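Asks: Residue numbers (full-length UniProt numbering): 1 to 784.
The C-beta atom is built at its ideal place from N, Cα and C for all residues, glycine as well.
Everything numeric in this text was worked out from a predicted model, so none of it was measured.
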């Protein structure tokens with residue numbers, strides 16, 4: 001491996017314009033594809049194979065006119081006025097009429113007329129048939145807005161007349177709508193209402209997708225640049241990892257956008273790819289550039305040879321580090337949830353591209369710089385550098401090795417303390433309530449909650465169908481089911497909301513008294529599902545439930561079912577990779593055990609901040625929320641891959657020291673001293689990049705950024721830089737034990753580059769041999 005990568009690095013260095021031109025050409029092709037087919041992001045997703053998704057799919061089959069995406073708009077009256085007054089009611093009615101006139105928005109009057117023609121029961125005047133479970137129509141008959149003696153369909157007015165809620169649906173799901181449809185819909189509602197002094201608040205599904213890159217994210221990248229400058233000591237050298245990361249991210253995400261018409265591209269997928277692409281792109285380039293400069297400054301090699309060797313040795317570690325990340329991400333495919341599958345594939349592709357960029361584009365940039373990669377000042381500092389025995393890294397590793405037992409106990413105790421809150425972790429899907437105060441999403445949520453009740457922000461959609469396929473529902477039995485649901489504790493109201501053409505399927509809207517992320521709503525969903533068997537036996541009605549809360553419950557259960565399989569795949573494949581890299585049985589096992597400590601501590605800290613509210617104001621939000629259902633499996637995959645990055649970079653240096661003659665604790669201390677500085681820099685860079693996303697407006701992005709930032713902090717500094725050298729020193733040379741039969745079976749990948757160096761030495765000796773022989777031959781003199 002190291003020999004092959006040595007040749008790749010040398011070729012890219014010698015022909016930089018070819019390598020750079022290839023990447024520029026690829027980017028140009030992607031940009032052209034994006035211009036011809038602009039990307040479209042969605043905040044919606046499918047959770048295949050869950051009861052909640054099956055109900056949504058059933059609704060699409062049996063009642064397609066009610067299966068489009070949903071929207072809601074909140075109208076707020078000026079201070080001291082009522083929306084049901086003559087003047088303001090007319091303005092609201094005009095806004096509503098404008099909304100229904102927008103192409104791809106369903107007009108409930110036309111829907112009611114169509115249902116009446118075929119003999120079906122029309123939707124109630126205050127609502128429209130639901131499709132999207134997050135924004136299902138929920139207006140009860142009371143509180144209708146009346147203008148000129150006619151109810152304004154889809155509108156409900158609060159008891160105090162201050163707020164009106166419009167709920168409507170589109171002909172298609174939101175991500176399938178033509179570009180600009182959502183914006184046109186909001187604009188249609190705003191003009192008449194705002195002219196009358198009425199405030200207009202679009203619902204969460206009509207809000208623009210929060211910006212992926214904001215000020216905080218840019219600050220995070222700026223911190224990464226500062227760390228690079230301090231670590232490498234040169235503006236030019238520090239700029240290379242940043243350029244490397246930008247090319248990798250642009251290629252990875254650009255490719256995802258270019259292929260976005262083949263699958264539903266969710267905004268959270270792009271954010272994860274962006275976070276990982278920036279972090280690993282910078283880190284991988286940093287390891288190679290740092291090794292190249294070290295070879296120049298400490299071994300006296302020229303820039304070309306140093307680049308080739310750096311790609312051959314550090315590049316091998318980069319390759320296998322990237323491989324573990326890709327394995328951890330692609331293993332998410334076993335979960336069987338399309339959102340996670342797309343997210344994992346895009347992120348894995350971006351990481352793989354980051355590796356390729358580091359191994360080809362980066363040495364080409366170094367080929368352009370040549371000897372200028374090391375400034376004269378850097379060469380002077382290296383020439384006069386003091387003995388490394390007094391460096392902070394050697395002093396720290398010496399302390400850890402001397403007190404290894406106490407260090408191990410302390411690390412285990414700290415991680416156990418951090419993990420304690422995990423015992424009360426509650427999973428769910430974030431709602432508009434999870435946004436910070438002052439955001440449009442939160443303002444709309446609060447207005448609805450204050451005027452109508454928390455449950456209007458997360459109505460449950462129940463689909464009732466006959467147990468005999470194709471047989472019309474018994475309307476009397478259906479009314480009894482509706483009445484029974486309405487009488488349940490925790491239900492504010494339950495009403496019919498639509499009937500299929502054959503009368504065999506009905507849609508019911510169930511409004512809880514609690515919000516979508518409340519535990520009481522989860523209990524209500526469970527209670528309704530538990531009554532389904534009784535409804536089937538007594539009334540011949542099959543009842544299914546969906547909605548934001550139901551989706552969260554189903555996703556949590558689904559992930560809990562597949563988590564053991566996922567961990568088995570990830571750990572099994574990654575242990576095999578680590579076994580190949582380190583040629584040791586114990587090192588991969590210790591690496592995985594350390595990861596378990598860090599991931600438990602990460603989940604505990606995330607629970608304490610987001611669910612318990614500890615330090616939440618520090619991170620820019622003022623509400624508590626359940627941990628996102630998908631977060632554990634996403635963070636497990638990402639953090640495991642990144643943790644193995646640091647394991648490979650750090651322990652491969654220890655193994656390199658061991659292979660080159662150091663034994664016992666000496667190899668641990670020497671390898672740690674050699675690699676720890678760049679590992680610390682890489683960890684700080686990742687923490688800075690991930691932390692920038694903590695202040696993103698989207699609560700899902702916020703949670704993901706925090707979990708990854710705190711996870712890297714724990715794993716890099718507590719586990720890899722503290723626990724690992726302590727445990728390695730306990731085992732000494734036994735840490736590299738490998739059974740002879742296994743040693744014969746495993747290929748020698750030469751990650752440390754030992755065989756590469758031997759080959760280069762032989763080549764130099766062979767090249768020098770003719771010169772020596774020529775020099776040793778006696779000079780003949782002509783005879784006289």
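For the region 447–456 and the region 511–520, state whether three or more C-beta atom pairs, one from each stretch, are separated by less than 8 Å.
Replies: Yes, the region 447–456 is in contact with the region 511–520.
Asks: Please state whether DSSP places residue 728 in a helix, a strand or coil.
Replies: As a first step, residue 728 must be located in the chain shown, where it is residue number 728. Note: residue 728 maps to helix in three-state DSSP.
Asks: Roughly how far, in whole angstroms, is the beta-carbon of residue 106 from the beta-carbon of residue 170, given that I think they are within contact range, below 8 Å?
Replies: Residue 106 sits at position 106 when you count from the first residue of the chain shown. Residue 170 sits at position 170 when you count from the first residue of the chain shown. Between residue 170 and residue 106 the Cβ distance is about 7 Å, and since that is below 8 Å, they are a contact.
Asks: Given 8 Å as the limit, is there contact between the region 477–489 and the region 559–571, that is, 3 or more CB pairs closer than that?
Replies: Verdict: no, contact absent.
Asks: Can you list, in chain order, the residues of its chain whose CB lies under 6 Å from that of residue 62, leaving out five sequence neighbours each side?
Replies: For the purposes of this step, residue 62 is identified with residue 62 of the chain shown, where counting begins at 1. Around residue 62: 500 and 505.
Asks: Counting C-beta neighbours from all protein chains within 10 Å, is the total for residue 218 16 or more, i.e. buried, or is it exposed?
Replies: Against the chain shown, residue 218 aligns to sequence position 218. Result: exposed.
Asks: Can you tell me where the alpha helix (DSSP H) with residue 475 in it begins and where it stops?
Replies: Indexing the chain shown from 1 puts residue 475 at position 475. Start and end: 475–486.
Asks: By Cβ distance, which residues of its chain are closer than 6 Å to residue 371, with the 5 residues on each side in sequence left out?
Replies: On the chain shown, position 371 is the one that residue 371 refers to. Cβ neighbours of residue 371 beyond the five flanking positions: 303.
Asks: So, do the region 242–260 and the region 19–36 have three or more beta carbon pairs nearer to each other than 8 Å?
Replies: Yes: the two stretches touch, three or more of their Cβ pairs being nearer than 8 Å.
Asks: Under 9 Å, do residue 231 and residue 755 count as touching if we go by C-beta distance?
Replies: As a first step, residue 231 must be located in the chain shown, where it is residue number 231. As a first step, residue 755 must be located in the chain shown, where it is residue number 755. Against a cut-off of 9 Å, the Cβ pair of residue 755 and residue 231 comes out as no contact.
Asks: Tell me whether residue 35 is buried or exposed, calling it buried when 16 or more other Cβ atoms sit within 10 Å of its Cβ.
Replies: The residue labelled residue 35 in the question sits at position 35 within the chain shown. So residue 35 ends up on the exposed side.
Asks: Could you have a look at residue 266 and say whether DSSP puts it in helix, strand or coil?
Replies: One-based indexing of the chain shown puts residue 266 at position 266. Correct three-state label for residue 266: strand.
Asks: Counting only the same chain and skipping the five closest in sequence on each side, list residues whose C-beta sits under 6 Å from that of residue 9.
Replies: Position 9 of the chain shown, counting from 1, holds the residue named residue 9. For residue 9, where only same-chain residues beyond five positions count, the Cβ hits under 6 Å are 307, 308, 311 and 363.
Asks: Provide the residue span of the beta strand (DSSP E) that contains residue 544, from first to last.
Replies: Here the question's residue 544 lines up with position 544 in the chain shown. Unbroken beta strand (DSSP E) run through residue 544: 541–546.
Asks: Which partner residues of residue 151 appear in the DSSP bridge assignment?
Replies: Here residue 151 refers to the residue found at position 151 when the chain shown is read from its first residue. Beta-bridge pairing links residue 151 to 146.
Asks: Please report the Cβ distance between residue 293 and residue 313, rounded to the nearest whole angstrom; I am assuming they are in contact, meaning their Cβ atoms lie under 8 Å.
Replies: Counted from its first residue, the chain shown places residue 293 at position 293. Counted from its first residue, the chain shown places residue 313 at position 313. Incorrect: roughly 13 Å between the Cβ atoms, too far for contact.
Asks: Might you give, ordered along the chain, the residues of its own chain that have their beta carbon closer than 6 Å to the beta carbon of residue 329, omitting 5 neighbours on each side?
Replies: The residue given as residue 329 occupies position 329 in the chain shown. Closer than 6 Å at the Cβ level, and outside the excluded window around residue 329, lie 344, 347, 348 and 637.
Asks: Hey, could you find the ends of the alpha helix (DSSP H) residue 799 is sitting in?
Replies: Nothing in the structure corresponds to residue 799, since the chain is present only between 1 and 784.
Asks: Please confirm if the region 594–601 is in contact with the region 657–674, defined as three or more CB-CB distances below 8 Å between the two stretches.
Replies: As far as the Cβ criterion goes, the region 594–601 does not touch the region 657–674, which means the pair count is below three.
Asks: Cβ atoms of residue 688 and residue 818: under 9 Å apart, would you say?
Replies: Outside the modelled stretch of the chain, which goes from 1 to 784, sits residue 818, for which no answer is possible.
Asks: How close, in whole Å, do the beta carbons of residue 193 and residue 89 come, if the pair is a contact with beta carbons under 8 Å?
Replies: Taking the chain shown and counting its residues from 1, the one referred to as residue 193 is at position 193. Taking the chain shown and counting its residues from 1, the one referred to as residue 89 is at position 89. No, residue 193 and residue 89 are not in contact; Cβ-Cβ is about 11 Å, not under 8 Å.
Asks: Let's test the definition: count the other Cβ atoms within 10 Å of the Cβ of residue 558 and tell me whether it reaches 16, buried, or not, exposed.
Replies: What you label residue 558 is simply residue 558 of the chain shown in a count that begins at 1. With 16 or more other Cβ atoms within 10 Å, it is buried.
Asks: Provide the residue(s) that pair with residue 73 in DSSP beta bridges, ordered along the chain.
Replies: Along the chain shown, one-based indexing puts residue 73 at 73. Residue 73 is bridged to 166 and 202.
Asks: What are the boundary residues of the beta strand (DSSP E) that includes residue 509?
Replies: Here residue 509 refers to the residue found at position 509 when the chain shown is read from its first residue. Here the beta strand (DSSP E) through residue 509 covers 505–512.
Asks: When the distance is taken between beta carbons, is residue 280 closer than 9 Å to residue 335?
Replies: Along the chain shown, read from residue 1 onward, the residue named residue 335 stands at position 335. Along the chain shown, read from residue 1 onward, the residue named residue 280 stands at position 280. Taking 9 Å as the Cβ cut-off, residue 335 and residue 280 do not qualify as a contacting pair.
Asks: Since residue 271 and residue 701 are thought to touch, with beta carbons under 8 Å apart, how far apart are those beta carbons, to the nearest angstrom?
Replies: As a first step, residue 271 must be located in the chain shown, where it is residue number 271. As a first step, residue 701 must be located in the chain shown, where it is residue number 701. Their Cβ separation, rounded to whole angstroms, is 5 Å, which keeps residue 271 and residue 701 in contact under 8 Å.
Asks: My guess is that residue 714 and residue 686 are in contact by the Cβ rule of under 8 Å, so how many angstroms apart are they, rounded?
Replies: Along the chain shown, read from residue 1 onward, the residue named residue 714 stands at position 714. Along the chain shown, read from residue 1 onward, the residue named residue 686 stands at position 686. In fact, because the Cβ distance is near 12 Å, the residues do not count as touching under 8 Å.
Asks: What does the alpha-carbon distance come out to for the pair residue 399 and residue 14?
Replies: Counted from its first residue, the chain shown places residue 399 at position 399. Counted from its first residue, the chain shown places residue 14 at position 14. In a straight line, the C-alpha of residue 399 is about 44 Å away from that of residue 14.
Asks: Taking the straight line between their C-alpha atoms, what separation do you get for residue 523 and residue 247?
Replies: Indexing the chain shown from 1 puts residue 523 at position 523. Indexing the chain shown from 1 puts residue 247 at position 247. Spanning the two alpha carbons is a distance of roughly 48 Å.
Asks: Taking C-alpha atoms, which residue in 68, 682 and 315 lies nearest to residue 223?
Replies: Against the chain shown, residue 223 aligns to sequence position 223. The shortest C-alpha separation from residue 223 is found at 682.
Asks: Under a three-way DSSP split, which group does residue 848 fall into?
Replies: A question about residue 848 goes unanswered here, because the residues of the chain that appear run from 1 up to 784.
Asks: Checking 9 Å against the spacing of the C-beta atoms, do residue 191 and residue 648 come in under that value?
Replies: To locate residue 191, count along the chain shown from 1; it is residue 191. To locate residue 648, count along the chain shown from 1; it is residue 648. No.
Asks: Using three-state DSSP, classify residue 704 as helix, strand or coil.
Replies: The sequence position of residue 704 within the chain shown is 704, counting from 1. DSSP places residue 704 in helix when its eight states are reduced to three.
Asks: Sort 53, 467, 588 and 82 by Cα distance to residue 196 and report the nearest one.
Replies: Looking up residue 196 in the chain shown gives position 196. Comparing Cα-Cα distances from residue 196 to each of 53, 467, 588 and 82, the minimum goes to 82.
Asks: If I follow the unbroken alpha helix (DSSP H) through residue 252, where does it start and stop?
Replies: Taking the first residue of the chain shown as position 1, residue 252 is located at position 252. It spans 235–258 - the alpha helix (DSSP H) in which residue 252 sits, taken as one unbroken run.
Asks: For residue 763, count neighbouring Cβ atoms within 10 angstroms of its own Cβ and tell me buried if that reaches 16, exposed if not.
Replies: Here residue 763 corresponds to residue number 763 of the chain shown, with the count starting at 1. Exposed, because fewer than 16 other Cβ atoms sit within 10 Å of the Cβ of residue 763.
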